[in-house]
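Colleague: Quick one: the structure is below, and I'll ask about it shortly.
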Amino acid sequence: MAVCAVRARYRVIVIGGGHAGAEAAWAAANMLRGQAHSIAIVTLRADAIGAMSCNPAIGGIAKGQMVREIDALGGLMSLASDATGIMFKMLNTSRGAAARSPRAQCDRHAYARYVRTALGSRQEIDIIEGAVEDLTVERGGDACRCVAGVVIRRLNDDDLQFVGADAVILTTGTFMRGLMHEGERMTPGGWAGEAPSTGIAKSLRVLGFELGRLKTGTPPRLSKGTIDWDDLESQVGDAPPTPFSDLGLDAAGPDGFAPPLAQTSCRITKTTREAHEFIRANLHRAPMFSGQIESVGPRYCPSIEDKVVRFAERDSHHVFLEPESYESDWVYCNGIATSLPRDVQADVVKRLPGCAHAEVVQWGYAVEYDMVRPHQIDASCMARHIAGLFFAGQINGTSGYEEAAGQGLVAGVNAVRFARRESAWALGRDLAYIGVMMDDLVTKTPIEPYRMFTSRAEHRLLLRTDNTADRLTPIGMQLGIVDTARAAAFARRSDALRRVRDVLAGPMFGKRARRPDYTVETLSADAGLTPGVHLPWGVLETALAEHQYAGYLDRQRAEVKRQERMERRAIPSEVDFKAVTGLRTEARNALERFRPATLGQAGRLEGVSPADMTLLLVALERHTRS
């Protein structure tokens with residue numbers, strides 16, 4: 004991957020090369036296919052592009068659904084995960100189809116290398132090492148402010164250079180005024196060994212953005228050779244594994260998907276009562292409890308010191324020991340994220356079964372960082388008051404690689420559409436978990452890092468992992484982000500799915516195939532259809548889910564149809580909510596703050612009641628007549 008010279012102008016500039024930045028650049032390159040040097044990725048270090056800064060895993064509950072959606076829209080994360088996964092597991096297999104979520108433990112170094120190679124191979128993308136010191140904005144023809152470009156300081160060079168752009172995407176991750184905490188020790192940085200970004204935060208404040216501050220954390224890493232593995236419970240992956248990408252499902256033979264890398268397993272240990280007592284005795288040295296950290300961390304991924312306090316009745320918590328790579332002996336301690344001092348961390352690790360002699364190769368730490376309050380963006384990821392400026396990832400207050408990548412894809416598509424003077428594109432809550440996330444971000448005020456769960460999606464039976472291609476690949480084809488190979492795979496899948504639906508409609512199946520004990524394996528045997536031989540993998544799962552959940556699916560589709568009227572009714576940007584007679588102050592403030600694009604979004608705002616919605620609808624009717 005070559006670092007490029009800086010050109011005077013690009014169609015799209017992506018700031019940051021993490022999961023949001025990588026997906027944004029990839030989506031933009033797919034839309035600008037064949038247009039060389041049209042996109043720039045600006046990053047402090049080119050060799051850090053695609054890095055898995057925390058857990059070396061992709062997917063999980065609801066997150067796996069988002070990766071499948073990214074794949075259906077021609078994304079990169081699914082391909083990188085399938086190519087570098089070292090343990091694949093489908094979660095929630097004992098539950099219904101809506102809850103099942105794929106996850107893959109990946110080789111950290113191989114994953115980042117795959118992403119760097121993929122981006123570096125695109126003629127559309129230039130990779131620039133440097134820091135963005137300022138954002139440049141100018142007045143547009145209609146008096147609105149519009150992004151004009153960025154000011155870059157190249158590495159080892161004090162000179163500043165202006166680079167013009169039609170659109171700019173900010174994907175700063177945890178680097179915007181990042182500050183790392185390890186006990187009493189504080190170090191500026193976005194993650195271990197990396198400097199923070201300071202210029203962008205200052206520029207955003209000058210431009211009038213409201214910023215917040217959040218916190219995340221990471222656990223210590225151990226040396227694999229110093230752990231006593233024999234006495235620990237093993238957790239193995241699925242055989243055959245389920246890939247994230249439909250390309251993997253399409254290419255798999257009768258034995259199923261064959262991962263390129265050798266498969267491994269994880270081990271499970273747990274914290275002890277003695278470790279908990281030791282942590283409690285040292286809480287005064289924990290930045291979260293000493294007052295050193297004032298920002299809020301993710302509720303559903305708490306540090307071990309937070310767990311010990313919040314769940315005081317528990318004597319232990321599971322810790323998953325996950326190998327990070329075949330290229331190193333680092334082991335990720337999933338479950339003990341911490342910002343405690345090193346001596347306390349060392350003592351806690353020694354008290355884990357199997358880890359009495361374990362050597363810590365990287366200490367855990369917390370990092371505080373700036374974010375942009377997401378009420379200032381719309382569902383296309385574009386800033387409401389500066390046209391052409393987009394935000395994606397943790398800068399919007401989310402947590403997780405998958406959430407970041409989903410936003411990156413949305414921002415990348417819309418940045419190109421903006422540059423082409425095309426209308427913005429957004430996914431609805433009934434179409435994708437990505438759509439649920441974007442709608443949540445622009446209608447709610449997050450007080451902690453936002454994480455996706457299946458429970459956030461009211462139409463989750465429509466948003467299963469098995470039907471992502473059917474929902475989204477046709478949309479991706481219309482947008483121009485799906486290549487010919489994926490379109491051909493989708494055509495084969497669609498043809499096979501029609502055939503299986505016809506089979507299930509026959510008299511031999513009917514009620515029998517609707518029984519809960521009627522499985523995909525039973526259907527395969529009864530119909531004489533072998534995945535990987537007669538049809539692509541995954542088709543039988545979709546057809547059987549549609550057959551068994553037909554009544555529930557019909558009800559959810561009917562509910563979506565009832566809500567369409569509100570979702571389609573746009574609220575003109577010039578509407579003055581202060582002039583709407585009768586609105587309660589709480590509702591008026593919420594409408595002014597979030598500026599909902601539709602009546603549906605307005606109805607989901609906190610503080611807006613059904614009575615307020617009636618008044619708003621009357622006001623919109625008057626506005627339309629006038």
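Residue numbers (this note's numbering): 4 to 629. Note that the Cβ used here is the ideal one computed from N, Cα and C, for glycine as well.
1. Classify Tyr114: buried if its beta carbon has 16 or more other beta carbons within 10 angstroms, exposed otherwise.
2. If you drop the 5 nearest sequence neighbours on each side, which residues of the same chain put their C-beta closer than 6 Å to that of Arg111?
3. Would you tell me roughly how many angstroms separate the C-alpha atoms of Arg279 and Tyr335, rounded to the nearest one?
4. Taking the DSSP output, what are the residues bridged to Gln397?
5. Please tell me whether Gly214 and Thr272 are closer than 7 Å, where the distance is taken between their beta carbons.
6. Going along the chain, which unbroken runs of the alpha helix (DSSP H) with 4 or more residues stay wholly within the segment 185 to 249?
7. As a quick exercise: from Arg502, Thr274, Thr601 and Val542, pick the residue whose alpha carbon is nearest that of Arg630.
8. With which residues is Glu325 paired in a DSSP beta bridge?
9. Do Pro199 and Phe212 come within 7 Å of each other at the CB atom, strictly closer than that value?
10. How big is the Cα-Cα spacing for Leu228 and Glu26?
11. Among Arg98, Ser268, Leu464 and Val322, which residue has its Cα nearest to the Cα of Glu562?
12. For Phe314, does the count of other Cβ atoms within 10 angstroms reach 16, so buried, or fall short, so exposed?
13. Who are the Cβ neighbours of Gly53 in its own chain at under 6 Å, not counting the five residues just before and after it?
14. Please confirm if the segment 346 to 357 is in contact with the segment 297 to 305, defined as three or more CB-CB distances below 8 Å between the two stretches.
15. Let me confirm a value: Asp505 is counted as buried when at least 16 other C-beta atoms fall within 10 Å, else exposed. Which label applies?
16. How far does the beta strand (DSSP E) with Lys643 in it extend, from its first residue to its last?
17. What residues in its chain sit with their C-beta under 8 Å from that of Glu127, if we drop five residues either side in the sequence?
18. Of the choices Leu343, Ile64, Ile307 and Ser331, whose alpha-carbon is the least far from that of Pro290?
19. Does Leu538 come out as helix, strand or coil in the three-state DSSP assignment?
20. Which one of Thr487, Leu586, Gly67 and Pro191 has the shortest CA to CA distance from Asp373?
21. Using the rule of at least 16 other Cβ atoms within 10 Å of the residue's Cβ for burial, across every protein chain shown, is Gln481 buried or exposed?
22. Is Gly77 near Ile44, with beta carbons less than 7 Å apart?
23. For Gly133, write down the residues that DSSP places opposite it in a beta bridge.
24. Sort out for me which residues DSSP pairs Tyr521 with in a bridge.
25. On a CA-only basis, which of Ala530, Thr522 and Ser576 is nearest Gln551? Give me that one, please.
26. Rounded C-beta distance between Ala605 and Pro613? I'm assuming under 8 Å.
27. Can you tell me where the alpha helix (DSSP H) with Gln559 in it begins and where it stops?
28. Select from Asp529, Gln379, Val583 and Ala553 the residue whose C-alpha is nearest the C-alpha of Phe512.
29. Going by other Cβ atoms of all chains shown within 10 Å of its Cβ, with 16 needed for buried, is Pro519 buried or exposed?
30. With a cut-off of 8 Å, do at least 3 Cβ pairs link the segment 405 to 424 to the segment 381 to 394?
31. Between the Cα of Thr219 and the Cα atoms of Glu297, Pro477 and Arg142, which residue gives the shortest distance?
32. Report yes if the CB atom of Thr267 is closer than 7 Å to the CB atom of Met93, and no otherwise.
33. Just reading off the beta strand (DSSP E) that Gly169 is part of, what are its end residues?
34. By how many angstroms is the C-alpha of Gln348 removed from the C-alpha of Ile203?
35. Can you name the residues that DSSP bridges to Arg644?
36. Using 8 Å as the Cβ pair cut-off and three pairs as the minimum, do the segment 436 to 456 and the segment 397 to 405 touch?
Modeller: Short version:
1. Counting from one through the sequence shown, the residue named residue 114 turns up at place 111. So Tyr114 ends up on the buried side.
2. Within the sequence shown, the letter at position 108 stands for residue 111. Around Arg111: Met55, Pro59, Glu327 and Ser328.
3. Reading the sequence shown from its first residue, position 276 is the one you call residue 279. Reading the sequence shown from its first residue, position 332 is the one you call residue 335. The amino acid occupying residue 279 in the given sequence is His; Arg does not appear at that position. Going by the C-alpha atoms only, they are around 20 Å apart.
4. In the sequence shown, the residue the question calls residue 397 occupies position 394. According to DSSP, which records beta bridges pairwise, Gln397 is partnered with nothing at all.
5. Against the sequence shown, residue 214 aligns to sequence position 211. Against the sequence shown, residue 272 aligns to sequence position 269. The residue asked about is misnamed: residue 214 is Leu in this sequence, not Gly. Not in contact: Leu214 and Thr272 (Cβ atoms no closer than 7 Å).
6. Complete alpha helix (DSSP H) runs here, min 4: 202 to 209.
7. In the structure displayed, the chain extends from 4 to 629; residue 630 sits before or after that span and is not available.
8. The residue given as residue 325 occupies position 322 in the sequence shown. Per DSSP, the beta-bridge partners of Glu325 are Tyr335.
9. If you number the sequence shown from 1, residue 212 lands on position 209. If you number the sequence shown from 1, residue 199 lands on position 196. Not in contact: Phe212 and Pro199 (Cβ atoms no closer than 7 Å).
10. Residue mapping note: residue 228 aligns to position 225 of the sequence shown, counting from 1. Residue mapping note: residue 26 aligns to position 23 of the sequence shown, counting from 1. Looking at the sequence provided, one finds Gly at residue 228 rather than Leu. Gly228 and Glu26 have their alpha carbons spaced roughly 35 Å apart.
11. Here residue 562 is taken as the residue at index 559 of the sequence shown, counted from 1. Checking every option, the nearest Cα to that of Glu562 belongs to Leu464.
12. The residue given as residue 314 occupies position 311 in the sequence shown. Exposed: under 16 other Cβ atoms inside 10 Å.
13. Your numbering for residue 53 matches position 50 in the sequence shown. Only residues of its own chain outside the window of five on either side were considered, and among them Ala25, Ala115, Val118 and Arg119 have a CB closer than 6 Å to the CB of Gly53, listed in chain order.
14. No, because fewer than three Cβ pairs between the segment 346 to 357 and the segment 297 to 305 fall closer than 8 Å, the two stretches do not touch.
15. Working through the sequence shown from its first residue, we reach residue 505 at position 502. Answer is exposed; the Cβ neighbour count stays below 16.
16. What is shown of the chain runs 4 to 629, which leaves residue 643 out entirely.
17. Here the question's residue 127 lines up with position 124 in the sequence shown. Answer for Glu127: Ala31, Ala32, Leu35, Arg36, Gly37, Gln38, Ala39, His40, Ser41 and Ile42, listed in chain order.
18. On the sequence shown, position 287 is the one that residue 290 refers to. Across the set Leu343, Ile64, Ile307 and Ser331, the C-alpha of Leu343 shows the shortest separation from the C-alpha of Pro290.
19. Taking the sequence shown and counting its residues from 1, the one referred to as residue 538 is at position 535. The three-state reading of DSSP puts Leu538 in strand, counting E and B together.
20. The residue you call residue 373 lines up with position 370 of the sequence shown. Of the candidates Thr487, Leu586, Gly67 and Pro191, the one whose C-alpha sits nearest the C-alpha of Asp373 is Pro191.
21. Locating residue 481 in the sequence shown gives position 478, where the first residue counts as 1. Result: exposed.
22. Position 74 of the sequence shown holds residue 77. Position 41 of the sequence shown holds residue 44. No, Cβ-Cβ distance for Gly77 and Ile44 is not below 7 Å.
23. As a first step, residue 133 is located in the sequence shown; it is residue number 130 there, counting from the start. DSSP output for Gly133 lists Arg157 as bridge partner(s).
24. What you label residue 521 is simply residue 518 of the sequence shown in a count that begins at 1. Bridge partners of Tyr521: none, in fact.
25. As a first step, residue 551 must be located in the sequence shown, where it is residue number 548. It is Thr522.
26. Here residue 605 refers to the residue found at position 602 of the sequence shown. Here residue 613 refers to the residue found at position 610 of the sequence shown. With a Cβ gap of about 11 Å, Ala605 and Pro613 do not count as contacting.
27. Along the sequence shown, one-based indexing puts residue 559 at 556. Taken as a continuous stretch (DSSP letters only), the alpha helix (DSSP H) holding Gln559 covers Ala553 to Arg571.
28. By one-based count along the sequence shown, residue 512 stands at place 509. Among Asp529, Gln379, Val583 and Ala553, the Cα nearest to that of Phe512 belongs to Asp529.
29. Indexing the sequence shown from 1 puts residue 519 at position 516. Pro519 is exposed by the Cβ-count criterion.
30. Yes, they touch.
31. The sequence position of residue 219 within the sequence shown is 216, counting from 1. Nearest neighbour of Thr219 by Cα position, chosen from Glu297, Pro477 and Arg142, turns out to be Glu297.
32. In the sequence shown, the residue the question calls residue 267 occupies position 264. In the sequence shown, the residue the question calls residue 93 occupies position 90. No. Outside cutoff.
33. In the sequence shown, the residue the question calls residue 169 occupies position 166. The question names Gly, yet the displayed sequence has Asp at residue 169. Per DSSP, Asp169 belongs to the beta strand (DSSP E) from Leu163 to Leu173.
34. Taking the sequence shown and counting its residues from 1, one reaches residue 203 at position 200. Taking the sequence shown and counting its residues from 1, one reaches residue 348 at position 345. Their Cα atoms are separated by approximately 34 Å.
35. Outside the shown range of the chain, which is 4 to 629, sits residue 644, and nothing can be said about it.
36. Taking 8 Å as the limit for Cβ pairs, the verdict is that the segment 397 to 405 does touch the segment 436 to 456.
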